[in-house]
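Notes to accompany the following structure.
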Amino acid sequence: MYLQSRRTFLKGAAFSVAGVAIAKGVFATDAVAESIENSKFTNTPDTISFYPNQSEWDNFQELDGDDWKRGGIERHGVASAENEDGIQVNNFMLVPTVCSNCEAGCGLTAWVNKDTMTVRKYMGNPLHTGSRGRNCAKGYAVTSQMYDPDRIPFPLKRAPGSKRGEGKWIRTTWDEAMSTIGKKMHDTLKVGDEISKKSIMYHVGRPNENGFGHRVPHSLGIDGYNSHTNICSAGARQGTIQWANDDRNSPDWANAELIFLQSSHAADAGHYFQQSAGLIADARKRGAKMVVLDPRMSNSAGMADLWIPCWPGTETALYLYLANRVLHEKDKNGDDLVAHDFVKEWVNWDRLLANKEYLQKMVGYGYISKMPAGDTYEDFIELVKELYAPYTKEMVIRECKLEGMEHKLDALWEMYIDAGDKIATYIWRAGPIAHRGGWMIARSAFLSLVVRGALRGDIGGTSFHHWHEISVAGKGDKATVAGERPAKVDVWNELAWPPEYPLSSYEMSHILPHLLMDEEWQEKWTKKGLKVPKKLSVWFPRMYNPVWINPDGFRWIEALKREDKIELSFNLSPTWSETNWYCDYILPVGLAGERNDQQSTPSKPEQRIEFRQAVLRVAAEKMGWKAKDPTRATLEAHMKYGLGEIWEESEFFPNLMVHHVDPDGSLGIRKYWASKKDPSRAVTVPEYFDAAMSLLPRLKETADKMYKDEEFPVYSYMRDHGAWTEKTNVYKPQEEELKVDSEYVYAHGKKYAKHHVKKDQFGALWVEHDGRKHSIGIISDDKVLAGFHTLSKKLEFFSEWFAEWKWPEYAIPIYPRNESEYKKMEHIVTQVHHSFMKAPNEFALNTVFRLPYNIHTRSVNSKHLMEISQNHNPVWIYTKDAEKLGIKRGDAIRVKVTDTVSGLDSGYFVGMAVPTEATRPGVLACSHHAGRWKLKDSVSVPGFEHKLGIMGVGAPRYDMTNDGKVGTLKPVEGIKPRHDVWQFKEYNKDLDNIWWDGLSGAWQNAVAPSHPDPIAGNHAWHLKVIIEKAKADDVIGDIYVDYENNFKVYQAWRDELTRPLDHTDKLRRPQHIKRPAVPLSNKAYAVEIKA
Amino acid sequence: MVHETLAATNAVVTLDVAIPDIFWGWYVTMNMWAKSIGTGLVFMLFLLLKKNSSEMNGLRTPVMITSFIFMNIFLIFTWLDLHQMWRMWHIFFYPHWTSAITVGAWMATLFVGLEFVMIAVMIRKEKCLLTKQPTAFFDKTLFWVTLLAIPVTLYTAGIMAEATARELWQMPTESAQMILAATLSGSAAMILLGGSKLSDETKSFFGSVLGLSALMAFIIYMSEYIFGAMKAEEVAAILHYVKGDGEYATMFWIGQWVAYILPMLLVALYRVSGSNSILSLAAILAIAGLWVVKHVWLVIPQLLPLS
Amino acid sequence: MQLGFLVDLHLCMGCKGCEIACKVENEVPLSTWRLRVKYVDVGTYPETKRTFTPLRCNHCENAPCERICPVSALHYIDNGIVNIDKERCIGCAGCVMACPYGAIYIDPETQTADKCTYCAHRIASSMMPACVVACPVEANIFGDLEDPTSNISTYIQQHTDVQVRKPEKGTNPHHYYVGASQAHLNPLASRREEGYNLFNKITTLPLGGHH
Ligand SMILES: Nc1nc2c(c(=O)[nH]1)N[C@H]1C(S)=C(S)[C@@H](COP(=O)(O)OP(=O)(O)OC[C@H]3O[C@@H](n4cnc5c(=O)[nH]c(N)nc54)[C@H](O)[C@@H]3O)O[C@H]1N2
Ligand SMILES: Nc1nc2c(c(=O)[nH]1)N[C@H]1C(S)=C(S)[C@@H](COP(=O)(O)OP(=O)(O)OC[C@H]3O[C@@H](n4cnc5c(=O)[nH]c(N)nc54)[C@H](O)[C@@H]3O)O[C@H]1N2
Ligand code: SF4
Ligand code: SF4
Ligand code: SF4
Ligand code: SF4
Ligand code: SF4
Ligand SMILES: [Mo]
């Protein structure tokens, strides 16, 4: 080795002629060669690995990429005491954590430089079996987010005497914030009445953890959890609830033959994006085909075998057409295409045929011409054959506006049939979130899988997430004084779940400000006997930027500014955002590598958890550092290592509860957060998460063996590995046999005495507990099987409860068969249906899509992600449409929003038009990632030497006006090169090269009114718009919103389309479907409404 | 710019990072231009020596000083163009001989050094240590310096040839153009410097050199302009910038007219009329036009995206 | 040892994970890239497609950049990588003019040339290049071309459509593409319209600052 290096050197030297160079070289190079030889480094390694072995993670040496630019080890050798000029070696500790930029929860490893205690980079975690050591652009961007020059360095408080939104801030401490907030919560809860339990609201965006957040309001005994889900994916969830009483599907991408996409995955974004993309790539390597239904050519569509640009919202017709053909046609061998074995066993056709009353209704609706002859499966097949016969190819071409694309439908049919039951899909946002009745798209999409047997959850098919996800983050009770879960909560919060939306998939979060300010509505329900809160005493969002990402942003601003409506507000956010501008406190909590959560991603048929950690704290602790206060270890570590006063939720909440909300335990809350080990203090991260994750038996067994000497073996295992796969190959879970012995039936971790278990005529097994009836399994061929999560334990083609809950006409997958049915079935016809588009400048606006390198409002703190995207969000317009209207690339256009229910106009935004072949005729598209704004470039905090910059790499500065009726924004100045950086200065020295200004997009969400779907409750995102060339004074980025009108639009959707609870109702909502996230008692469910 | 592909492809870049703009700009134009004059004067001086050495008197020192000045302008701009100017010495201490830049730098340095010695000898006259006969020394050395001037003026063509990315710059054409640039600007400068010191015959001779250089350079440019596109799509794409309403079309034609067409016509006129001022005008135009011509040719291939 | 790279363009889905991984790993300053992923939309509605092409240094066997570098700042190392030495570089930009692929830029912080090194520092640490590790779909294959059993060698053997960029330049790239079309590899096969486009602003920058 030595000789060889030396020889190599001499060979190199022979090319240099200048004597000096040689003389200097010979002398230097001996040391150089030696330094290489004495190291593990060589330019010609025997093996090249993706990651170091886990056993090396505590101490891994790697040459520095920046220092290597000096020419590498051949010229300088490896740095050592003898060879100081050598290439620097980083002494790394790899601390596993989890990416938080999207809900995929991919593994990360933080490469902590042990000498400087900084994170040099984040890479993947090879032990995470879903992400397999890989990450997308957003994953690698975690480094630049961590060292964002405009990170909020310490807790901020609205300056006394200033109003919300004035932008005057003072520095405060975590302790002050906790004591003020805690006292307010204490005082609220002390009252103890029903209203008080509805007056505190924890409002969570994409939480990226599995249950800790739920535990916060739960332990407070309040119905105070609100999520963002109804702007996210609630439409698809509604369809899934109706079929399977599950929250979402879960495909086996890797083994599928057909990747059938409506939401994007392979190339765009989509749920569990890069994990799905990797698995889809595995399938495509094997020859699987990929089809994408999308009005816009997404990246996935752009690389798919087939792109079908249906008119948005009409996909239901296409899915029902597939079902129709499957029902009527035969394969080459003359066999039926229907997967009879599956449908017969696992679809609840038997209940449909048994329900004569409903069948009568079907006849009445004209769905079928006559009552079925009998009760057999064959009768059912005859029924559905007739039911779906109208959905012909011609009908699809007309309804989905696919003229000239018959060949595409043929190709789709071939691929769909060839794939057999190996069809994987992920029905998520796309159509289901974009349209009124979007949930029916999900409903019918699943039908096309059901008839082919692809929803059996077998290899290569599609299953449901429930079986693939592990949620234990809310279950660390054993580490607390209480030792058990808090009791169910007794109240029902109308602000989260108004009586108009009993079946809403999730909380009606997008109309929270409307509900808070709609006094007429409050009056109405108060008169009917409900105790409707008129204000909130404490509202605190986390990981949520509702002002910006919800529709009708000015309404949010209006509500957040009203101190009589929201008495105290604080935002748990590491970064500046439009929302925290209007809060009382901004509490800077940690990013992906700076906090602790358990997460679980059902991205493939296995059960896995991942553990997110505060990596600097972990590294320091492993190197022997100890926090003064173990309940605040993360905060202490972040302060010590220069990150700032950055804390995290899993230490903040326990401390808040134990010392401030319920210091003396009188409210009964303290015990859920005080440590069992030392009841005088809050529970610590290791205590809590060790208890929670110990609920996984295989993990516990392994950890106990590996970490026998540790106090918290499971915590220690997860600290060092970051991910754990509890079970693999989870296929056909519904067919799993339940354990039955002479006395008991065992289901869902509980046992039921046999004599309490009743079987109904369809074979379902029922028990009664907690005053409610539950089905626990199903008898099939003498076996007791787990079944699906529905009441019938089967997939529910016929959603009986849905029919009972006032929507009988939509209790089966259905869609208007002709124009005359559009109005009659308006609840499932999109608000942007082509029949609403009259003039050539009237369009449907697709507001729903992702760019793979942006995350909602989370990218603005990453210089790298901002550089890629430049905060650019043009309005996509089909080339020929643009030509017709005389619009050219880069032109400013006014996009005026108008509502097809109320006929009201919302105002406009001025966007930049980009003609493209990548969106269908008649449909514009505008993404929501970009177009961020700020009202000031920075704020000065009294007593602090530096100005705090605000979103300085990604958000231009705007002027705003809003008077309660009309709101406007006008861009003032774009993003500029930065020379003023004081935070993480070295890391950000390249900010003087910023070359983008971010002035090409507008905040379109502000113009959109809320469109609550009358059934699923979700906001139906798409908009009918009328475009025209911008006026002389218009600037791209301008918006003008008539938010008084928008208020009326929300009311119109609510009052003209819903079927609210009335005096005949005894329950707020069917009890068997989930009502996230806090468990409610029967008392809470019970309702009495005055006639 | 869609070359080569079918119209149906309709391929358009929808996402890309910012790519670098022109890298070698007017500093490098200055470099080539000044070097052409500097070396061209040496060529002309040598021609004069061979043709009519008696007319050398009174011209040796001023011409050599002018050449020296232009060579230093060339060196200064070469140096200024470096992003790490203070590391210029690396070329001498870590030379890489496959690089035309290295070879050129060494030779140019040697060339300028020799010029300096020649000037010093001429100025210091009898005090000279090297020789008792400065003029003889000068004239003898001139041969070697002239010989050296050939590679010195050609090496830029070598660099352009080694610039594999820039298809427009081909070695044989560029070296011909480099030499012609030297003879063009050298003869022009000589005409201006020589003034009344030169006989009419000699002037006419330099006028012919000027005219012929212009003609040949023009022919080569036009050949490339017309035929270049027929051989390589990249060349075709680059030439778009000087054709039709291309970004550099106007500048290109200004250059061609001022550097070549007008001087040719003026030289012809001079030969008919014998008017010295016409010849001087031709010389001035040639020198000024050369800068433009060189600049256009330097810049246009850099406008083409490479990836 | 001759290290080489291959990108399977059937698989690449343009996520730009590799691009950011490279930036982070090598501290590549804003406004410059060692690696970039270019999107080209191809075709006419409704038959439109989108292509994605990761572009980086090809580590040419006959590297024009190395040849033109007057001071051997660009140099070959033992494993076949074309490496760069910022201390040696005089910033003449000869290499920028020479590289037919636009792979070299002048680092605005150091005012010296820089480019992809195949993460030579990672290689010397027995680690895969950062962009290879990143890729969610394993579109990037890296390894020793002289070892016929390496991943990359077998990949090349198993595919018929292995191509390099601009073979006519005689550079002999050690960077291959599978599944490439003209739109992927040939910059002249697509329109590049300055100004804002579908996803960002297509523009040129005076790199290196001082001109
Ligand atoms: N890069 C990135 N990845 C992300 C996120 C992110 O912000 N950035 N966010 C994550 C989150 S929170 C979620 S919920 C998921 C969502 O991921 P997806 O469920 O994939 O949802 P979207 O990206 O909103 O929409 C998917 C596609 O639907 C198309 N589409 C829009 N309207 C219609 C329609 O009416 N019909 C049909 N057929 N298609 C339509 C859009 O053009 C888009 O290409 O992504 C997650 N992944
Ligand atoms: N037009 C349009 N609008 C949309 C969508 C769309 O497709 N089109 N998509 C919708 C969808 S699917 C969703 S899910 C929502 C998402 O919207 P949100 O749930 O609001 O999610 P983000 O914008 O990702 O993050 C919100 C805020 O979280 C904070 N944050 C960032 N990182 C962290 C962290 O590590 N910890 C904590 N505590 N806080 C953090 C920041 O303040 C950030 O602004 O947007 C919706 N809005
Ligand atoms: S897919 Fe989501 S979780 Fe995974 S690396 Fe990308 S942003 Fe992070
Ligand atoms: S691609 Fe360019 S930079 Fe890379 S080795 Fe080849 S010539 Fe040099
Ligand atoms: S810029 Fe630097 S690396 Fe490039 S050729 Fe010049 S000296 Fe060599
Ligand atoms: S090999 Fe390394 S330097 Fe080259 S593109 Fe990939 S990450 Fe960047
Ligand atoms: S990481 Fe892979 S899939 Fe993503 S852009 Fe790079 S090569 Fe393509
Ligand atoms: Mo979402």
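Protein chains in written order, with my numbering: chain A, 1 to 1091; chain B, 10001 to 10307; chain C, 20001 to 20211.
In this text, a Cβ means the ideal position worked out from N, Cα and C, and glycines have one as well.
A quick note: this is a predicted structure, and the numbers were derived from the prediction, not measured.
In the displayed model, A:N90 falls within a strand according to three-state DSSP. In chain order, P20070 make up the part of chain C whose C-beta sits under 7 Å from the C-beta of B:A10105. Beta-bridge partners of A:S227 (DSSP): A:V204.
Proximity of B:Y10094 to chain C, defined by a Cβ-Cβ separation below 7 Å, is satisfied. In terms of beta-carbon proximity, B:A10229 stays away from the interface with chain C, with every pair separated by 7 Å or more. The DSSP assignment places complete alpha helix (DSSP H) segments of no fewer than 4 residues inside the stretch 797-884 of chain A at 800-804, 820-824 and 863-869, in order along the chain. With distances taken between CA atoms, B:E10234 lies nearest to B:L10303 out of B:T10039, B:G10058, B:L10303 and B:V10145. Taking the Cα positions, A:V532 is about 27 Å away from A:Y585.
In summary, B:W10097 is exposed, with fewer than 16 beta-carbon neighbours lying within 10 Å of its beta-carbon over all protein chains present.
Taking 7 Å as the CB threshold, A:F50 lines the interface with chain C. Here B:I10226 is exposed: its Cβ has fewer than 16 other Cβ atoms, across all protein chains shown, within 10 Å. Here the distance from the Cβ of A:I855 to the nearest heavy atom of ligand 1 is below 6 Å. Those residues of the stretch 20116-20139 of chain C placed with their C-beta closer than 8 Å to a C-beta in chain B do not exist. The beta carbon of C:I20202 sits closer than 7 Å to those of R20192, E20193, E20194 and G20195, all from its chain and outside the five residues before and after it, given in chain order.
Under a criterion of Cβ atoms nearer than 8 Å, the residues of chain A adjacent to C:F20199 are, in order, L851, S869 and H872. Interface criterion not met: the Cβ of B:F10138 is under 7 Å from no Cβ in chain C. Between A:N545 and A:S509, the C-beta spacing is not below 7 Å. Within the stretch 344-395 of chain A, the complete alpha helix (DSSP H) segments at least 4 residues long are 349-354, 356-365 and 377-388, listed from N- to C-terminus.
Assignment of beta strand (DSSP E) within the stretch 703-786 of chain A, counting only whole runs of 3 or more residues, yields 723-727, 744-747, 750-753, 764-769, 772-780 and 783-785 in chain order. A:P697 counts as exposed, since fewer than 16 other beta carbons sit within 10 angstroms of its beta carbon. For ligand 1, a non-hydrogen atom lies closer than 6 Å to the CB of A:A430.
Scanning its chain for C-beta atoms nearer than 7 Å, with the 5 sequence neighbours on each side dropped, one finds around B:W10033 the residues L10290, W10291 and K10294, in chain order. Straight through space, the alpha carbons of A:T392 and A:R608 are spaced by roughly 43 Å.
Against chain B, a Cβ distance below 7 Å from A:W995 picks out A10018.
Counting along the chain, A:F41 sits inside no alpha helix (DSSP H), nor does DSSP assign it H or E at all. If you check each beta-carbon in the stretch 916-929 of chain A against every beta-carbon of chain B, the ones closer than 9 Å belong to T916, E917 and A918.
Not one heavy atom of ligand 8 is found less than 6 Å from the C-beta of A:C136. Of the residues A:Y365, A:A234 and A:N113, the one whose Cα lies closest to the Cα of A:E821 is A:Y365.
If you compare the alpha carbons of B:L10154, B:A10157 and B:N10072 with that of B:E10115, the shortest gap goes to B:N10072. Listed as beta-bridge partners of A:V291 by DSSP are A:F260 and A:L306.
Close to chain A, meaning a Cβ-Cβ distance shorter than 8 Å, are the following residues of the stretch 20141-20163 of chain C: F20142 and G20143.
In the three-state DSSP reduction, A:A619 falls in the helix class (H, G or I).
In this structure, the alpha-carbon of A:G182 lies about 11 Å from that of A:F652.
Counting the other Cβ atoms within 10 Å of the Cβ of C:Q20158 gives fewer than 16, which makes it exposed.
Annotation: A:Q1071 is outside any beta strand (DSSP E) and is labelled neither H nor E by DSSP.
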